[in-house]
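Protein chains in written order, with this note's numbering: chain A, 1 to 239; chain B, 240 to 539. C-beta: ideal position from N, C-alpha, C; glycine also. If you're wondering where the values come from, they're calculated on a predicted model, not measured in any experiment. Here the structure comes first, spelled out in structure tokens, and everything after it is commentary.
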């Protein structure tokens with residue numbers, strides 16, 4: 001189920017050269033903003049929860065998920081070099097799970113770790129806010145990576161579709177239509193965060209059992225379907 | 240065997256004139272090549288002249304951009320309102336995500352593919368210079384964005400006349416709206432092309448453009464919200480200098496009669512407005528400079 005060579009190639013594709021710069025940019029910005037807020041404002045649990053929720057979990061985690069999830073497989077399919085990988089005696093499902101594990105690892109490293117540090121900068125983990133959002137970021141990383149890895153195998157416009165989902169569906173429709181929130185990775189992750197810190201600071205619209213079931217279902221379903229899709233992959237030319 | 244004496248060979252070799260002619264028709268020259276590149280890039284941004292599949296996304300976004308304007312007009316005509324309930328200058332701000340997605344999907348297709356498939360040297364084998372290539376691509380991206388953002392304003396304006404609103408006032412507001420989206424188009428086009436030209440892989444280019452636009456806006460509005468909540472209102476106008484969209488918002492608030500839309504309705508005064516203007520011009524010049532530097536030695 002795990003192939004170290006595929007993992008090494010994926011890891012290099014994700015973090016090679018300038019690509020890592022985008023990944024470092026976002027967490028860096030979160031830390032700078034947190035430090036600035038702490039300096040101007042002092043420690044405040046509500047401000048910390050708003051910043052980590054609004055900027056961290058709502059914007060940073062999905063964006064890093066998109067970059068890592070689609071970046072793990074998208075460019076290879078795009079330029080056709082995936083055929084060299086597929087022609088090796090490695091099971092397609094192994095390729096997908098390996099790429100997924102790398103994508104999850106990268107997303108977690110670049111989203112959950114900065115969230116934890118930012119939480120400590122903002123209010124020194126008062127009321128467990130930092131830990132709660134770190135748990136949410138960890139869980140969201142898994143679901144986002146699986147989802148966007150699937151998108152990468154399905155469509156050439158995976159990044160655009162992923163961004164539209166992350167920014168338009170979760171942020172815009174989620175704030176306007178209550179029903180959209182039930183179908184949002186962010187809310188499922190928030191349900192876990194709510195469990196950690198209590199309802200005073202973080203509230204989710206989804207009950208915890210529902211959230212856990214949906215998270216597991218989406219992750220496993222997306223991984224299975226991505227593996228299936230890779231078995232019947234046809235390479236298209238550049239438009 | 241003795242070598243033939245010099246003078247014996249000449250009658251065996253001959254150059255025939257088989258009628259090749261040099262081209263003596265009109266040479267269309269540099270400005271024609273530049274215009275063609277501009278037109279091709281502009282059409283390409285909407286998928287015209289490309290495959291059917293690549294028309295879907297830009298056309299869809301164009302439709303998404305126009306439909307709210309039609310709805311607003313329909314409501315205004317139906318209720319016989321004396322003013323539109325969305326200002327011309329606010330329209331692009333409300334639909335900023337659509338503009339960002341359009342830019343993110345089209346800026347990389349405009350420049351990244353030329354870089355990745357090394358077709359840039361082919362362009363330069365034509366009578367165009369580096370400055371022509373950059374200007375044509377920049378102009379085409381800005382024009383494509385202008386078409387995207389100005390069309391709904393035109394719909395609103397025509398609708399305002401259908402609803403028998405005051406012509407002179409609506410024309411003035413429409414003009415201000417056009418200037419504002421023109422600034423937005425040039426600014427966003429520059430930022431988008433710079434990000435796309437620096438990342439030849441299409442997927443990463445898309446993500447980089449979106450990240451720069453939405454993250455900077457998200458960060459600035461978060462900071463503005465926090466400074467408003469902590470009654471640190473002086474900082475709000477200055478924080479707006481740090482993201483492309485808030486630059487446009489501040490500029491149109493200072494000079495184009497747009498309502499203050501920063502948190503707490505803090506308005507940008509004329510003094511700060513001049514700083515905004517300088518920042519916008521500086522950013523556009525910087526984008527142009529970076530693109531020129533990027534194409535100085537490319538694909539060689």
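With contact defined as three or more Cβ pairs closer than 8 Å, the segment 489 to 499 of chain B and the segment 346 to 363 of chain B are not in contact. Annotation for residue 349(B): the continuous alpha helix (DSSP H) segment containing it runs 335 to 355. For residue 423(B), the closest alpha carbon among the candidates 252(B), 515(B) and 258(B) is that of 515(B). For residue 67(A), the three-state secondary structure derived from DSSP is helix.
Residue 403(B) sits in coil when the DSSP states are folded into three classes, being neither helix nor strand. Taking 7 Å as the threshold, the shortest C-beta distance from residue 173(A) to chain B does not fall below it.
Inter-segment contact for the segment 467 to 486 of chain B and the segment 58 to 72 of chain A is absent: fewer than three beta-carbon pairs are separated by less than 8 Å. From the listed residues 420(B), 399(B), 521(B) and 414(B), the smallest Cα separation to residue 330(B) is found for 420(B). Under the 7 Å criterion on CB atoms, residue 344(B) is classed as interfacial with respect to chain A. Taken through DSSP and simplified to helix, strand or coil, residue 129(A) comes out as helix.
A Cβ-Cβ separation of about 25 Å leaves residue 83(A) out of contact with residue 147(A) under the 8 Å criterion. Within chain B, no residue has its CB atom less than 8 Å from the CB of residue 45(A), the nearest being about 14 Å off. For residue 110(A), no Cβ of chain B is located within less than 7 Å of the residue's own Cβ. Take residue 323(B), set aside five residues on each side of it, and the residues of its chain with a beta-carbon closer than 7 Å to its own are 311, 315, 395 and 399, in chain order. Residue contact with chain B for residue 63(A): present (Cβ-Cβ distance below 7 Å to some residue of chain B).
Its Cα nearest to that of residue 464(B), the residue 503(B) stands out among 503(B), 531(B), 438(B) and 290(B).
Shown here, residue 258(B) sits in coil according to DSSP, grouped into three states, outside any helix or strand.
Just measuring C-alpha positions, the residue of 427(B), 260(B), 403(B) and 326(B) sitting nearest residue 318(B) is 403(B).
Among the CB atoms of chain A, one or more fall inside 7 Å of the CB of residue 458(B). The continuous stretches of alpha helix (DSSP H) do not include residue 60(A), and DSSP gives it neither H nor E.
The segment 406 to 417 of chain B and the segment 18 to 32 of chain A do not touch, with fewer than 3 CB-CB distances between them shorter than 8 Å. The beta carbon of residue 449(B) sits closer than 7 Å to some beta carbon of chain A. With a threshold of 7 Å between beta carbons, residue 303(B) makes no contact with chain A. Closest by C-alpha distance to residue 490(B), out of 535(B), 518(B) and 470(B), is 518(B).
Under the Cβ distance rule, residue 306(B) does not count among the residues neighbouring chain A, no pair being separated by less than 7 Å.
DSSP places residue 307(B) within a helical segment (H, G or I) once states are collapsed to three. Within chain A, no residue has its CB atom less than 8 Å from the CB of residue 487(B), the nearest being about 19 Å off.
For a cut-off of 8 Å, the C-beta gap from residue 120(A) to residue 130(A) is around 5 Å, short enough to register as a contact. Within the segment 482 to 508 of chain B, no residue has a Cβ lying closer than 9 Å to any Cβ of chain A.
With respect to chain B, the C-beta atom of residue 114(A) has no partner C-beta closer than 7 Å. Shown here, residue 324(B) sits in coil according to DSSP, grouped into three states, outside any helix or strand. Contacts with chain A (Cβ-Cβ distance below 9 Å) from the segment 468 to 481 of chain B involve 468, 469, 471 and 474, listed in chain order. Contact between residue 307(B) and residue 334(B) holds, since their C-beta atoms are separated by about 7 Å, short of 8 Å. Using a CB distance cut-off of 7 Å, residue 55(A) counts as an interface residue toward chain B.
Here the alpha carbon of residue 351(B) sits roughly 18 Å from the alpha carbon of residue 528(B).
One finds 336, 337 and 340 in chain B with Cβ atoms closer than 9 Å to the Cβ of residue 168(A), taken in chain order.
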